[in-house]
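One structure below.
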Amino acid sequence: MKSKALLLGSLVVGIMSAGCAVGYEAEEGEVGDAQQAFVSHAWAYAWAHQATGSFTASSSYSRSSSGDAFGQGVNNTVTQLGAGQYRVRFPDVGAVPGGHVQVTAYGAGAERCKVNSWVRSGDDVDVYVNCFTAGGAPVNTLFSVAYVHKSGTGSSDEAYVWANNPTAAAYTPAATYQFNSSGVNNTIAREGVGYYAVTLPGQTAGGATVEVTAYGPGSDHCKVGSWGQSGDDAVVRVRCFDSSGAPSDSQFTLNFARSRQVNGGLSYSYAWANNATAAAYTPSLSYQEGYIAGDLGEVEADITAGRTSAGRYSVSLPGMSASGSNVQITAYGSGPEYCKVVGWSGTETNANVNVACFDASGAPADTRFVLVYTDDKFIVL
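Residue 1 is where the sequence shown starts when you use full-length UniProt numbering, and the numbers rise one by one after that.
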């Protein structure tokens, strides 16, 4: 990595925003990668840093494509609607119907959160979030939420879907709420109670990452079972459970990307934490990546992780900034374990994320997980 770099602030706004529609941005790609420009994003994310009341989400961790070139200067707001029920409003990113939402509970306890729904409100997007105890009772808690809307086609590997029919043997999900950069519809097959295979045509599974969040008013939760290649398509298996830990048919949202910004933003890191018991290790190099927007590109240093105690993990993300960022965590495997973000911190050159995972009863549990980190960093040399 070159030694001289400048982390730009508002000075670059005029350069980056020229020619971009309000609320949308062309996807970052390597120099000369013209095809990538056909996929565009509207995006927003926030950390709900209070569990009660109505408030503006923390400006240090709240960004949107409706803001300046770095996503700053926005007022994403959170309104508590009832016990464990919230509305997150993302202004000026709702010009086009559809989009996709992921949410992760935040804090040290065993609470978990899910997407109840999202809807356009004028030019804004309102995301409704429900949070529960391990036993399924509504509970007030902090959380991290991310919205993205993608459109167009290109050579990039990107797809998302809202799985809106949990009991159908096989179906094509609602067109408005699914996306595939290959231009072909994603499909879903139910392989058993709470067990689904999501086929993403034309996508490459190797080197990719996947997020999953349960959807709907109930206390079910979902996770990534696995993902792999089937011919020209990527196939992601999803498992969903009720609050007792039994398999349960449920709606869910799934977001997939390979060497791309998963949830919008500028820079990113992602990793599959594939060792649930190692005190220190490097997560699978085949399924981790870090990218700094601007002139630096791919981060050369490896993401590292380790177990600090039962069900607790620390993940180090070289090159990422602690501020201006967002974290989403998805548990991985066949059992009912689930995970959340405890917190994240660090410097302008390295972020550290703490993760907690639990079994169906809410007790700490060792398990694998997927981490997706979104950053507003942009560097020119």
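No residue lacks a Cβ here, since even glycine has one placed at the ideal position from N, Cα and C.
Cβ-based burial, residue i [other Cβ within 10 Å; buried from 16]
{"i": "GLU28", "result": "Caution is warranted here: a pLDDT of 35 is assigned to GLU28, below 50, making its placement in the model unreliable, and the coordinate value is therefore given only provisionally. It is buried - the Cβ of GLU28 has at least 16 other Cβ atoms within 10 Å."}
{"i": "GLU337", "result": "buried"}
{"i": "PRO97", "result": "exposed"}
{"i": "PHE55", "result": "exposed"}
{"i": "GLN229", "result": "exposed"}
{"i": "VAL125", "result": "buried"}
{"i": "SER316", "result": "buried"}
Coarse secondary structure for residue i, derived from DSSP in three states
{"i": "LEU285", "result": "helix"}
{"i": "ALA57", "result": "coil"}
{"i": "ALA174", "result": "coil"}
{"i": "PHE70", "result": "coil"}
{"i": "PRO247", "result": "strand"}
{"i": "ASN180", "result": "strand"}
{"i": "PRO201", "result": "coil"}
{"i": "ASP126", "result": "strand"}
{"i": "GLN328", "result": "strand"}
{"i": "PRO166", "result": "coil"}
{"i": "THR238", "result": "The sequence given here places Val at residue 238; Thr does not occur at that position. Of the three classes helix, strand and coil, the one that applies to VAL238 here is strand, per DSSP."}
{"i": "GLN85", "result": "strand"}
{"i": "ALA214", "result": "strand"}
{"i": "VAL119", "result": "strand"}
Range covered by the beta strand (DSSP E) that runs through residue i
{"i": "LEU142", "result": "142-151"}
{"i": "GLY346", "result": "338-346"}
{"i": "residue 409", "result": "What the structure shows of the chain is the stretch from 1 to 381, and residue 409 is not part of that stretch, so it cannot be assessed."}
{"i": "VAL380", "result": "378-380"}
Bridge-paired residues (DSSP) for residue i
{"i": "ILE303", "result": "DSSP lists no partner for ILE303."}
{"i": "TYR45", "result": "ARG63, ALA146"}
{"i": "VAL224", "result": "VAL238, TYR332"}
{"i": "ASN186", "result": "None; ASN186 has no bridge partner."}
{"i": "VAL161", "result": "GLN178, LEU254"}
{"i": "ARG112", "result": "PHE132"}
{"i": "ALA351", "result": "LEU317, GLY346"}
> Is there contact here, the segment 133-141 with the segment 226-237, by at least three beta-carbon pairs under 8 angstroms?
Replying inline: no
>> For the structure I just gave you, are there three or more beta carbon pairs, one from the segment 181-196 and one from the segment 262-281, closer than 8 angstroms?
In response: no
> Using 8 angstroms as the threshold, is the segment 262-271 in touch with the segment 288-296, meaning 3 or more CB pairs across them?
Replying inline: yes
>> Count Cβ pairs between the segment 91-99 and the segment 336-355 that sit closer than 8 angstroms; are there 3 or more?
In response: no
>> Pairs of beta-carbons, one from the segment 151-161 and one from the segment 236-256, closer than 8 angstroms: are there three or more?
In response: yes
> Does the pairing of the segment 214-225 with the segment 239-246 give three or more beta-carbon distances under 8 angstroms?
Replying inline: yes
>> Three Cβ pairs or more, each shorter than 8 angstroms: is that satisfied between the segment 61-76 and the segment 39-49?
In response: Touching, per the Cβ criterion.
> Using 8 angstroms as the threshold, is the segment 322-341 in touch with the segment 358-375, meaning 3 or more CB pairs across them?
Replying inline: yes
> Counting pairs of beta carbons, one from the segment 187-205 and one from the segment 160-175, are three or more of them closer than 8 angstroms?
Replying inline: yes
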